[in-house]
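In terms of numbering that gives the first Met the number 0, the sequence shown opens at residue 0 and continues consecutively. Structure, as structure tokens:
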Amino acid sequence: MTAHKILPVLLSIILGVSHTTAASPAPNKLTVHAAPTLQTPETLTAAHIVIDLQSRQTLSAKNINTPVEPAALTQLMTAYLVFKNMKSGNIQSEENLKIPESAWASEGSRMFVRPGDTVSTDKLLKGMIALSANDAALTLAGRLGNGSIENFVQQMNKEARRLGMKNTVFKNPTGLSREGQVSTAKDLAQLSEALMRDFPEYYPLFSIKSFKFKNIEQNNRNILLYRDNNVNGLKAGHTESGGYNLAVSYSGNGRHILVITLGSESAETRASDNSKLLNWALQAFDTPKIYPKGKTVAQIQISGGSKKTVRAGFLKEAYITLPHKEAKMAEQILETIQPIPAPVKKGQILGKIKIRQNGYTIAEKEIVALENVEKRSRWQRLWVRLTGQ
0 MTAHKILPVL LSIILGVSHT TAASPAPNKL TVHAAPTLQT PETLTAAHIV
50 IDLQSRQTLS AKNINTPVEP AALTQLMTAY LVFKNMKSGN IQSEENLKIP
100 ESAWASEGSR MFVRPGDTVS TDKLLKGMIA LSANDAALTL AGRLGNGSIE
150 NFVQQMNKEA RRLGMKNTVF KNPTGLSREG QVSTAKDLAQ LSEALMRDFP
200 EYYPLFSIKS FKFKNIEQNN RNILLYRDNN VNGLKAGHTE SGGYNLAVSY
250 SGNGRHILVI TLGSESAETR ASDNSKLLNW ALQAFDTPKI YPKGKTVAQI
300 QISGGSKKTV RAGFLKEAYI TLPHKEAKMA EQILETIQPI PAPVKKGQIL
350 GKIKIRQNGY TIAEKEIVAL ENVEKRSRWQ RLWVRLTGQ
């Protein structure tokens with residue numbers, strides 16, 4: 000095995016060879032590790048997680064797998080399922096839904112719908128997302144559960160499993176306290192990411208600062224929306240037994256950060272805890288782009304192909320998060336088996352890049368073929384036999 004250097008883009012890069020097999024066509028996959036450790040600011044949270052959404056690296060984690068009450072963050076899953084059904088055409092944003100008696104009689108936060116009224120899906124979504132309106136959540140759940148909240152809750156838990164939310168159990172679509180209804184900071188981060196990734200066309204609903212229904216105007220409980228224009232969601236929640244929760248997405252100044260805080264002591268400490276972690280992530284770390292989409296990272300040798308090498312790189316832009324002063328101190332190591340047997344299909348996994356710092360792997364990202372390489376033609380095979388080339 001020999002080592003070949005890749006021309007550096009930002010960080011120092013070392014190319015090595017080890018045992019990584021080629022696979023069927025697939026998008027670039029990132030194995031996420033924690034970013035290099037820096038002192039996290041003290042908070043009063045029971046649990047929290049801070050993720051850089053560009054590099055997909057966890058910057059800070061506290062009790063991220065500890066089950067807690069999700070409170071109104073439960074409604075993130077309710078919204079996810081409504082969006083999914085809107086996208087498939089099963090429900091329309093302008094569709095008017097009849098308000099059931101059970102929704103009107105719900106406890107907690109409400110948008111004050113009345114039984115028998117008809118309200119559009121769009122307005123119910125805005126009420127649920129901005130105001131944590133339980134009457135809206137129950138009405139939407141009833142529609143998608145064919146009149147049965149229990150059926151909708153089953154859908155919630157099925158979707159949670161599909162999204163990899165391993166420590167989450169939903170018991171209702173509202174987040175009102177119910178024995179056995181739990182989630183974790185990690186699971187809620189996965190759900191938040193899924194909302195942004197899968198439904199960008201609906202995601203702006205999470206930045207609504209206030210909502211007026213029947214001459215009653217109420218403000219969004221996520222008060223960071225008012226304090227920073229780059230905060231664009233997601234949601235606040237609270238129960239007496241579980242405390243104050245907040246999921247916040249920040250997108251601006253070349254950064255995209257997700258902060259989930261759970262179990263804060265009050266609405267103000269909830270905002271303070273989240274803001275401390277967000278500002279720390281923005282001030283203590285850089286997230287440079289290490290490769291653009293489609294740029295050749297390496298030429299991988301091919302055996303039996305119409306070409307001797309294939310261009311390898313990333314299907315999406317590749318980023319890495321590092322502490323400010325260490326942004327140029329990481330190395331990248333490309334691991335692959337060479338030569339790769341032809342044919343090679345565009346998108347086929349050819350190896351992976353390990354990004355290491357101080358002897359610790361902080362991220363691994365698969366590289367793929369950026370082009371097709373067919374098997375040698377009959378005449379090419381004959382030429383090789385005649386010339387040995």
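Beta carbons are placed, not taken as given, at the ideal position from N, Cα and C, and that holds for glycine.
Compute the Euclidean distance between the alpha carbons of residue i and residue j, then round it to the nearest angstrom.
i: R375; j: G346; result: 20 Å
i: W279; j: T39; result: 8 Å
i: H237; j: A193; result: 22 Å
i: S131; j: I339; result: 54 Å
i: E373; j: N156; result: 45 Å
i: A129; j: Q356; result: 41 Å
i: R44; j: G262; result: The residue asked about is misnamed: residue 44 is Thr in this sequence, not Arg. Cα-Cα distance, rounded: 5 Å.
i: I354; j: A71; result: 37 Å
i: A246; j: S265; result: 15 Å
i: G107; j: M127; result: 12 Å
i: H255; j: R161; result: 25 Å
i: N133; j: M110; result: 8 Å
i: F212; j: Q331; result: 54 Å
Taking all protein chains shown into account, decide if residue i is buried (16 or more other Cβ within 10 angstroms of its Cβ) or exposed.
i: R113; result: exposed
i: S54; result: buried
i: L369; result: buried
i: Y243; result: buried
i: T386; result: exposed
i: D186; result: buried
i: D116; result: exposed
i: I215; result: exposed
i: T335; result: buried
i: R269; result: buried
i: E149; result: exposed
For residue i, name the three-state secondary structure that DSSP assigns.
i: N95; result: strand
i: T386; result: helix
i: L162; result: coil
i: D227; result: coil
i: Y202; result: helix
i: N420; result: The structure shown does not extend to residue 420, since the chain is modelled only from 0 to 388, so the question has no answer here.
i: E370; result: coil
i: T73; result: helix
i: K185; result: helix
i: S302; result: strand
i: S376; result: coil
i: I440; result: This structure gives no information on residue 440, because the portion of the chain shown stretches from 0 to 388.
i: E149; result: helix
i: A45; result: coil
What do you reckon, are the CB atoms on residue i and residue j nearer than 9 Å?
i: S394; j: G232; result: Since the first and last residues shown for the chain are 0 and 388, residue 394 lies out of range.
i: V309; j: I299; result: yes
i: L445; j: T260; result: What the structure shows of the chain is the stretch from 0 to 388, and residue 445 is not part of that stretch, so it cannot be assessed.
i: F205; j: K234; result: yes
i: A102; j: L137; result: yes
i: L321; j: D285; result: yes
i: N166; j: T183; result: yes
i: S147; j: L223; result: no
i: T65; j: G174; result: no
Taking only runs of the beta strand (DSSP E) that begin and end inside the segment 90-141, which ones reach a length of at least 3 residues, in chain order? 95-97, 117-119
So within the segment 221-288, which uninterrupted alpha helix (DSSP H) runs reach at least 4 residues, ignoring any that extend past its ends? 223-226, 266-283
Please give the ranges of any beta strand (DSSP E) in the segment 309-354, keeping only runs that are unbroken, at least 3 residues long and fully inside the region. 330-334
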